[in-house]
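Chains as they are written, first to last, in my numbering: chain U, 402 to 634; chain R, 121 to 436. Heads up, the beta-carbon is just placed ideally off N, CA and C, and yes, glycines get one too. Remarks on the structure that follows.
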Amino acid sequence: MLALDDVTLAYGPVVAVEGVSLTVEQGEIVTLIGANGAGKTTILRAVSRLIKPRKGSVAFMGRDLAGLTPDKVVRLGLAHSPEGRQVLARLSVLENLELGAYVRSDAAGVAEDLERMFGLFPRLRERQRQAAGTLSGGEQQMLAIARALMSRPRLLLLDEPSLGLAPIIVEEIFEIITALNREGTTILLVEQNAHLAMQAAHRAYVLEAGRLVVSGDARALMDDERVKRAYLG
Amino acid sequence: MTLAWFLQNLLNGLSMGSVYAIFALGYTLVFSILGIINFAHGAVFTLGAYLTYLLSVGQFGINGLLAGWQLPFTLPFPLALLAGAGLSGLAGMAVERLAFKPLRARQADALLALVSSLGVALILVNLIQYLFGAEIYSYPSDVLGSLPPAFIFKVGGKPVAVRTVQIVLFVVSLVMLAALAWFIHGTKAGKALRATAENQDTASLLGINVDAFILGTFFVSGLLGGLSGTLIGVSFGLSGPYFGVAYGLKALAVIVLGGLGSIPGAVLGGLVIGLGEAFLPPDLSSYKEAVAYALLFVILLVRPQGLLGGTTEQKV
Ligand SMILES: Nc1ncnc2c1ncn2[C@@H]1O[C@H](COP(=O)(O)OP(=O)(O)OP(=O)(O)O)[C@@H](O)[C@H]1O
Ligand SMILES: [Mg+2]
Chain U
402 MLALDDVTLA YGPVVAVEGV SLTVEQGEIV TLIGANGAGK TTILRAVSRL IKPRKGSVAF
462 MGRDLAGLTP DKVVRLGLAH SPEGRQVLAR LSVLENLELG AYVRSDAAGV AEDLERMFGL
522 FPRLRERQRQ AAGTLSGGEQ QMLAIARALM SRPRLLLLDE PSLGLAPIIV EEIFEIITAL
582 NREGTTILLV EQNAHLAMQA AHRAYVLEAG RLVVSGDARA LMDDERVKRA YLG
Chain R
121 MTLAWFLQNL LNGLSMGSVY AIFALGYTLV FSILGIINFA HGAVFTLGAY LTYLLSVGQF
181 GINGLLAGWQ LPFTLPFPLA LLAGAGLSGL AGMAVERLAF KPLRARQADA LLALVSSLGV
241 ALILVNLIQY LFGAEIYSYP SDVLGSLPPA FIFKVGGKPV AVRTVQIVLF VVSLVMLAAL
301 AWFIHGTKAG KALRATAENQ DTASLLGINV DAFILGTFFV SGLLGGLSGT LIGVSFGLSG
361 PYFGVAYGLK ALAVIVLGGL GSIPGAVLGG LVIGLGEAFL PPDLSSYKEA VAYALLFVIL
421 LVRPQGLLGG TTEQKV
């Protein structure tokens, strides 16, 4: 479903990611872990075409993404919940969610999904008329995830969904992630909480200073030395 | 200080103020989305005024490359107004593609876009002068067809006169304001526009074609510019290719006074300046052009963020 081939990513002269190849198959949860600054966010941004690879190719749904703008990739079925809960602060919670379904034209399905999100995150229902910027950090995180789900993506990119959330909410979020996956959503998950991520995921890639150091079955990797090192930063 | 005097000034002020408001909104829309003042907006104002004049009158007099040349057709004023505004919208799009997009693609400093828009403004104004000359043009008195030039009614025994042109100014501006408010707050595209204004990356991750929305914003901005140029032109005549510059500066005062980037602020600022000019005592009338800046000065002393700026007010 997603394939990165020998991808190098840079910010100006600073190379952030070098020669990374990875795949995500239909139906999988794949996690990408690594210390701060390892290049996880950068890789997700390249998948959604917010940055362009200096070298290598990214293919989604069998299609090379070169030359596409981010909105076109969304129309292919990608949703990206970015790092740092990028809610649209001046828009209402409801408007944020509605914009999550911007590319959809099935009003009935959208209304149904909206109900579903309010079922998953009751706090958002209570606060739907409120400007998103006035939500608490945790509530904003929920909104960012719910908004990404509103497009009914084929592939969901989640960048640190547990960041800043209370442990009990984190658990809930991970339950939602696995439930979504069982319903057929493929997920590429970036997490600081490597332990939780590897429990939820089928496969894992470990990134160190912009390079992949190891990958494989998530459970098998949990005791790997290099993983512990990456996890501990 | 009679009621008639008050009503007369109120009407004058509202009609001018509403045009200032829609002209200033052209700046505000672009500023909301790109965070940059588009200095070509005043030139598009001039262009719109000239285009509508050309389309409805059919020719320009004695100077310029097109002196004596006759357009093979003319349009009734309402149609010419619409066509002139539409063409100004296209000019706005051209400004975006020439002055803004190339710099944005290179992630250049915002200050450079300011300079390049100033450059495009100079080119436009000089082109207008080259084609149509520098003299003053006024619309023929029958431009509004069979409508009477003014309506006069009596209040407390004193006459109050409303020029038909003033009604046109006010109604057209009001229609534009209502349409814009509906678009921004009542449509899906308006929601996407507000998202784009807030964060372009996030908007694009939601599937919003940011580039198309920027281009569309320049179209609407150009349309508002051309429309207000036409309205001022039909009211006071076209005082040469540079007449958009003075109005452009005044509209900048409007948006700063109202609060940079705030749509309600631009409307309020336009009305405040329009009314301020209207209520200026007759013996000070030679200072009319200074009213906007005097008001700006006073209001910024009290509220440095402008009347409606810096609150939780939505930008678009
Ligand atoms: N806009 C930018 N300009 C320059 N360098 C950047 C930029 N964004 C990221 N970098 C650099 O690229 C490298 C990778 O950053 P990235 O955000 O991908 O890390 P990360 O793995 O997501 O880290 P974290 O776990 O802290 O979120 C870092 O060294 C960072 O300093
Ligand atoms: Mg990151």
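8 Å Cβ cutoff met for residue i and residue j
i              : j              : result
F197 (chain R) : L264 (chain R) : yes
V418 (chain U) : G440 (chain U) : yes
G617 (chain U) : G428 (chain U) : no
L191 (chain R) : G206 (chain R) : no
G534 (chain U) : A490 (chain U) : yes
G510 (chain U) : G539 (chain U) : no
L556 (chain U) : L581 (chain U) : no
V215 (chain R) : A160 (chain R) : yes
D472 (chain U) : I328 (chain R) : yes
E592 (chain U) : T442 (chain U) : no
T456 (chain R) : P554 (chain U) : The structure shown does not extend to residue 456 (chain R), since chain R is modelled only from 121 through 436, so no value can be given for it.
A118 (chain R) : A373 (chain R) : The first residue shown for chain R is 121 and the last is 436, placing residue 118 (chain R) beyond what the model contains.
S341 (chain R) : V150 (chain R) : yes
P348 (chain R) : I142 (chain R) : Reading off the sequence shown, one finds Ser at residue 348 (chain R), where the question assumed Pro. Yes. Within cutoff.
F271 (chain R) : V282 (chain R) : yes
E609 (chain U) : K311 (chain R) : no
V628 (chain U) : A598 (chain U) : no
L544 (chain U) : L550 (chain U) : no
F290 (chain R) : S135 (chain R) : yes
A398 (chain R) : N183 (chain R) : no
V615 (chain U) : D624 (chain U) : no
T350 (chain R) : G204 (chain R) : yes
G155 (chain R) : A230 (chain R) : yes
P268 (chain R) : S261 (chain R) : no
8 Å contact criterion, which residue i and residue j should meet: CB distance rounded
i              : j              : result
T166 (chain R) : F363 (chain R) : 6 Å
L500 (chain U) : L326 (chain R) : 5 Å
T587 (chain U) : V408 (chain U) : Not a contact, Cβ separation roughly 19 Å.
L479 (chain U) : L558 (chain U) : 7 Å
L427 (chain R) : L388 (chain R) : 6 Å
L415 (chain R) : V392 (chain R) : 6 Å
A371 (chain R) : V275 (chain R) : Not quite, the Cβ-Cβ distance comes to about 32 Å (not below 8 Å), so this is no contact.
F522 (chain U) : A547 (chain U) : 6 Å
L423 (chain U) : Y606 (chain U) : 5 Å
T470 (chain U) : S324 (chain R) : 7 Å
A211 (chain R) : S237 (chain R) : Not a contact, Cβ separation roughly 12 Å.
V164 (chain R) : G357 (chain R) : Going by Cβ atoms, the distance from V164 (chain R) to G357 (chain R) rounds to 19 Å, so no, they are not a contact pair.
F180 (chain R) : L171 (chain R) : So it is not a contact: roughly 11 Å between Cβ atoms.
L195 (chain R) : S176 (chain R) : 6 Å
L145 (chain R) : L300 (chain R) : 7 Å
A619 (chain U) : A602 (chain U) : 4 Å
V421 (chain U) : I444 (chain U) : 6 Å
From the options, residue whose alpha carbon lies closest to that of residue i
i              : options                        : result
L185 (chain R) : R:P269, R:G277, R:V411, R:Y250 : R:Y250
H305 (chain R) : U:D514, U:R455, U:E572, U:S493 : U:S493
G209 (chain R) : R:S236, R:G162, R:L242, R:T194 : R:G162
G110 (chain R) : R:G360, R:A124, R:T148, R:G346 : In this structure chain R extends from 121 to 436, so residue 110 (chain R) is not present and cannot be described.
Q320 (chain R) : U:L451, U:Q529, U:M551, U:E592 : U:L451
T122 (chain R) : R:A141, R:V280, R:A160         : R:V280
P222 (chain R) : R:G345, R:L388, R:G385, R:D331 : R:D331
F273 (chain R) : R:L335, R:L428, R:S324, R:L127 : R:L127
E318 (chain R) : R:G345, R:G381, R:G276, R:I157 : R:G381
G429 (chain R) : R:K408, R:P402, R:L391, R:I383 : R:I383
S552 (chain U) : U:N594, U:V475, U:V488, U:I578 : U:V475
S266 (chain R) : R:T284, R:S258, R:I256         : R:T284
I153 (chain R) : R:L404, R:Y259, R:R224         : R:R224
E352 (chain U) : U:I574, U:R583, U:A512         : This structure cannot settle anything about residue 352 (chain U), because the visible part of chain U is limited to 402 through 634.
N132 (chain R) : R:V422, R:I352, R:Q425, R:L377 : R:I352
G463 (chain U) : U:E572, U:H603, U:L403, U:Q600 : U:L403
P361 (chain R) : R:P269, R:Y257, R:E409, R:L377 : R:Y257
K453 (chain U) : U:Q541, U:L410, U:G520         : U:L410
L297 (chain R) : R:R226, R:G390, R:P402, R:F193 : R:G390
G485 (chain U) : U:S563, U:V448, U:R604         : U:S563
Residue i: CB within 7 Å of a non-hydrogen atom of ligand 3
i              : result
V415 (chain U) : Ligand 3 is absent from the structure shown, which contains only ligand 1 and ligand 2.
(Q) Using a strict less-than 7 Å threshold between each residue's beta carbon and the heavy atoms of ligand 2, what residues do you get? (A) Qualifying residues come out as U:K441, U:T442, U:E484, U:D560, U:E561, U:V591.
**Q.** Ordered list of alpha helix (DSSP H) runs contained in the segment 153-212 of chain R, each at least 4 residues
**A.** You should have 161-177.
Q: Could you pull out every unbroken alpha helix (DSSP H) segment of at least 4 residues lying fully inside the segment 351-404 of chain R, listed in chain order?
A: Look at the segment 351-404 of chain R and you find these whole runs of alpha helix (DSSP H), each 4 residues long or longer: 363-378, 383-398.
Q | Ranges of the beta strand (DSSP E) found wholly within the segment 490-555 of chain U, counting only runs of at least 3 | A | Counting whole runs of 3 or more residues, the segment 490-555 of chain U contains no beta strand (DSSP E) stretch at all.
Q | Every unbroken alpha helix (DSSP H) within the segment 210-259 of chain R, with a cutoff of 4 residues, ordered by chain | A | Counting whole runs of 4 or more residues, the segment 210-259 of chain R contains the alpha helix (DSSP H) stretches 221-225, 230-252.
Q | Contact list for the segment 293-323 of chain R against chain C, Cβ threshold 7 Å | A | In the structure shown, chain C cannot be found, because the protein chains are U and R.
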